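Report on one structure; see the data block that follows.
Number of protein chains: 2
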Amino acid sequence: MAHSHDHSVCIDTALAEAERVCAENGSRFTDLRRRILKMIWQGHKAVKAYDLLDQLANEGGSAKPPTVYRALDFLMEEGLVHKIESLNAYIGCPHPGDDHVSQFLICDSCENVREVASDELKESVLSAASEASFKIRRQTLELHGVCSDCQKDKQAA
Amino acid sequence: MAHSHDHSVCIDTALAEAERVCAENGSRFTDLRRRILKMIWQGHKAVKAYDLLDQLANEGGSAKPPTVYRALDFLMEEGLVHKIESLNAYIGCPHPGDDHVSQFLICDSCENVREVASDELKESVLSAASEASFKIRRQTLELHGVCSDCQKDKQAA
DNA sequence: GGGGAAAGCCGTGGCGCACTCACATGATCA
DNA sequence: TGATCATGTGAGTGCGCCACGGCTTTCCCC
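For the record, the sequence lines run as chains A and B. If you read the first sequence in my numbering, its first letter stands for residue 735, the second for the next number, and so on. If you read the second sequence in my numbering, its first letter stands for residue 735, the second for the next number, and so on.
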């Protein structure tokens, strides 16, 4: 991920894609769901449920946990958002609709999360599973470390 | 994992290995830590922290969360136990001391967790990371599905 | 060896975050 | 208008950590 980019494009694209996906699936992209998805897309970091809750509260209205969790459930159901298990946090999916497995590079320094889609990795996972006659239904693949940008920053400093 | 096996061997081996590892590292394998490791090794399922807490309470003494979490932190530090992020649960490591990355097959039916060590998978992860110039420090690789035994059981039934 | 500081281990109260259930209300759509 | 889906609300459970204090083990110096 580049150090800087026009992030408003990311947001707009994500919202437009969400609109499209929900239309395709015949599901409702309500105002609340839209607001929460937008909050998640404020950056490329994974967002905590209670941070969303606080933001909702700050925007005036009341907000209880189920409000947030129901929206998150919906967004995950539609493939618009992924949960990062090792952080208990949520991140927007940059290419919803594609049939893909989720593999993440999580920078412990800048906290940015990048979704990767390596076919080689995907194949290795499948072959490791089939070797044990294991039938995969869901996978969690989260790599923590330091992203290339942060490595450069460190050298520069 | 075979349907049945002499599990007492698993427990004894794990405890002996723990003894060895702690001796090597010059760290203390106290009674509490030993008891908790033994509880975790009661089966091949991942164990919840609060279940350990309950067991401790049943054994008579008092028990508060930090008691369990400190022991778990220690055991993880020594590489004797892994955390399954997608379950918020903990599992004993069958080969502590080895330099290895953790990859798990988690059966959603019988709940057994099997640790796998595929070199191919390991290489794929490394190559996916290096492609993005990402420096890995920790990885979470958890595959949920149905193990071979449970698939057989289903067919039989 | 013995005394005492230092370090490590563990008990305890309390708290913040993560998530869910049950029920009631309100909006949409057929 | 009835059925369905979305959201508000109160409450409760599970997960994990902080801060404090007491106890034990280790270590070092006399």
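No residue lacks a Cβ here, since even glycine has one placed at the ideal position from N, Cα and C. Treat the numbers as computed from the prediction; the structure is a model and nothing was measured.
Query, Result
"Separation of valine 743(B) from arginine 848(A), as counted between CA atoms", "43 angstroms"
"Euclidean distance between Cα positions of serine 864(B) and glutamine 873(A)", "21 angstroms"
"Check whether phenylalanine 868(A) and serine 858(B) have beta carbons under 8 angstroms apart", "no"
"Sheet register partners of lysine 869(A) (DSSP bridge)", "Val880(B)"
"Three-state secondary structure (DSSP) of lysine 779(A)", "strand"
"Contact belief for asparagine 846(B) with lysine 779(B) at Cβ below 8 angstroms, rounded distance in angstroms", "6 angstroms"
"Alanine 805(B) classed as buried or exposed, judged by whether at least 16 other C-beta atoms fall within 10 angstroms", "buried"
"Any 3 or more C-beta pairs closer than 8 angstroms across the region 766-778 of chain B and the region 824-833 of chain B", "yes"
"Terminal residues of the beta strand (DSSP E) in which arginine 758(A) lies", "Per the sequence shown, the amino acid found at residue 758(A) is glutamate instead of arginine. Counting along the chain, glutamate 758(A) falls outside any beta strand (DSSP E), though it belongs to the alpha helix (DSSP H) covering 741-759."
"Limits of the unbroken beta strand (DSSP E) element including alanine 823(A)", "823-826"
"C-beta neighbour in chain B for serine 836(A), strict 8 angstroms", "no"
"Beta-carbon spacing of leucine 877(A), leucine 839(A) below 8 angstroms", "yes"
"CA-to-CA distance, leucine 809(B) to leucine 875(A), given in whole angstroms", "23 angstroms"
"Under 8 angstroms by beta carbon: chain A residues contacting isoleucine 870(B)", "Leu877, His878, Gly879"
"Residues within the region 776-797 of chain A neighbouring chain B, beta-carbon criterion of under 7 angstroms", "none"
"Member of Glu819(A), Glu758(A), Arg762(A) whose CA lies at the smallest distance from the CA of serine 836(A)", "Glu819(A)"
"First through last residue of the alpha helix (DSSP H) which encompasses glutamate 849(B)", "Looking at the DSSP string, glutamate 849(B) is not in any alpha helix (DSSP H); the run it does join, the beta strand (DSSP E), is 847-850."
"Span separating the alpha-carbon of glutamate 811(A) from that of arginine 768(B)", "42 angstroms"
"Residues of the region 798-821 of chain A whose Cβ lies closer than 7 angstroms to any Cβ of chain B, in chain order", "Glu819, Ser820"
"Expected contact under 8 angstroms - CB spacing of glutamate 854(A) and alanine 862(B) to nearest Å", "7 angstroms"
"Assigned exposure category for alanine 748(B) - 16 Cβ within 10 Å defines buried", "buried"
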